[in-house]
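Below is one structure, written out as structure tokens; the observations come after it.
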Amino acid sequence: MADSREHTVTGTTGSVVAREWPCERPRYVALLVHGYGEHIGRYEYVADVLTAHGAAVFGPDHIGHGKSAGERVLVEDFEDVVSDVHAVEELARAAYPGVPVVLIGHSMGGLIAARYAQRYGAGLAALVLSGPVLGVWELPHTLLAYDELPDVPIDTDLLSRDPEVGAVYAADPLVWHGPFKRPTLKATVRALETISKHGDVGRLPLLWVHGDDDRIVPLSGSRTGIEELRGADWVERVYPGARHEVFNETNKDEVLADVTGFVDRVVMS
């Protein structure tokens, strides 16, 4: 397990705790953007692979998540979260000046990363989206139709074919195990609309990885968003039988090899 340290940055609406997995003379910085209800500590294995590949790795706990401030899982506006991630990028650039930055977002983090690329893509070397909330995602619309949001916890079997992943998730005190919050669902709908309106990422290289048995963020809905977002340089990897968390799947090493291979091409070319 790679060594790591924590930083606290001033976020848009409160203090944000970010994790750094340092690397001496890195070839690139990997900026990780986690998903809804979780925290950056769940990406320890990803960070280990990336640091071994020559990356310095950074990632925040979003506001209302993990060790950061704020009411749990309450996001009023994803533009604020994008700004918070940018503060962590600036922290990384100060630590490793002149090193290319690769943005990697999973699930809701894919939504944040996609919007980040629209706002700050000129400073990025590459974008990786894993099971991203993009395009058509029915869940928020379904839940917002209720007068009172149902308290239905996530079925942890949908995360990965590896049952240990679900067991660890269910026991993690930094993971949110309660219901969605209405403002967060509304903010998600607005963010999807905003991304759709703001066009593609131009020349920014994009890798999209997704499990074809993802029942949390279905492949077909994300494909709609990817088609709008992608520029001329993009790669798609769909993994048969894989569920939502492809970085925690039984074939995670294949997935991460696809990520590092993509980074080698775009950063070293």
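So for the sequence shown, this note's numbering puts the first residue at 189; every next one is plus one. Ideal placement from N, C-alpha and C gives every residue a C-beta, glycine not left out. Note that this is a predicted model, so its numbers are computed, not measured.
C-beta atoms of residue i and residue j nearer than 8 Å
| i | j | result |
| --- | --- | --- |
| residue 238 | residue 252 | no |
| residue 245 | residue 220 | yes |
| residue 320 | residue 413 | yes |
| residue 427 | residue 399 | yes |
| residue 294 | residue 365 | no |
| residue 227 | residue 249 | yes |
| residue 344 | residue 357 | yes |
| residue 325 | residue 380 | yes |
| residue 205 | residue 194 | yes |
| residue 302 | residue 383 | yes |
| residue 235 | residue 292 | no |
Cβ-Cβ separation, residue j to residue i (assumed contact under 8 Å), whole Å
| i | j | result |
| --- | --- | --- |
| residue 389 | residue 305 | 5 Å |
| residue 311 | residue 290 | So it is not a contact: roughly 11 Å between Cβ atoms. |
| residue 216 | residue 451 | 7 Å |
| residue 323 | residue 410 | 6 Å |
| residue 243 | residue 211 | 6 Å |
| residue 442 | residue 349 | In fact, because the Cβ distance is near 13 Å, the residues do not count as touching under 8 Å. |
| residue 199 | residue 275 | 7 Å |
Rounded separation between residue i and residue j - CA only
| i | j | result |
| --- | --- | --- |
| residue 434 | residue 201 | 31 Å |
| residue 396 | residue 387 | 17 Å |
| residue 265 | residue 255 | 19 Å |
| residue 418 | residue 391 | 9 Å |
| residue 284 | residue 247 | 15 Å |
| residue 241 | residue 214 | 9 Å |
| residue 297 | residue 224 | 7 Å |
| residue 260 | residue 368 | 10 Å |
| residue 187 | residue 370 | Since the first residue shown for the chain is 189 and the last is 457, residue 187 is missing from the structure and cannot be characterised. |
| residue 445 | residue 423 | 14 Å |
| residue 207 | residue 230 | 11 Å |
| residue 209 | residue 425 | 26 Å |
| residue 277 | residue 286 | 12 Å |
| residue 385 | residue 342 | 30 Å |
| residue 378 | residue 447 | 29 Å |
Cβ-based neighbour list, residue i, same chain, cut-off 7 Å, excluding 5 preceding and 5 following
| i | result |
| --- | --- |
| residue 439 | 427, 430 |
| residue 477 | Not covered by the structure: residue 477. The range shown for the chain is 189 to 457. |
Close beta carbons around residue i, own chain, < 8 Å, minus the five adjacent residues each side
| i | result |
| --- | --- |
| residue 432 | 295, 319, 346, 347, 348, 399, 402, 403, 404, 405 |
| residue 455 | 215, 216, 288, 290, 313, 314 |
| residue 374 | 328, 332 |
| residue 340 | 367 |
| residue 408 | 324 |
Contacting residues, own chain, Cβ-Cβ under 6 Å from residue i (five flanking each side not counted)
| i | result |
| --- | --- |
| residue 421 | 393 |
| residue 376 | 328 |
| residue 268 | 200, 201 |
Near the ligand FAD: residue i beta-carbon under 7 Å from a heavy atom
| i | result |
| --- | --- |
| residue 405 | The ligand FAD is not part of the structure shown, which contains no ligands of any sort. |
- Message: With a threshold of 8 Å, are at least 3 pairs of Cβ atoms found where one atom belongs to the region 351-362 and the other to the region 315-330?
- Response: no
- How about the region 406-425 and the region 334-352: do they share at least three Cβ pairs that are nearer than 8 Å? no
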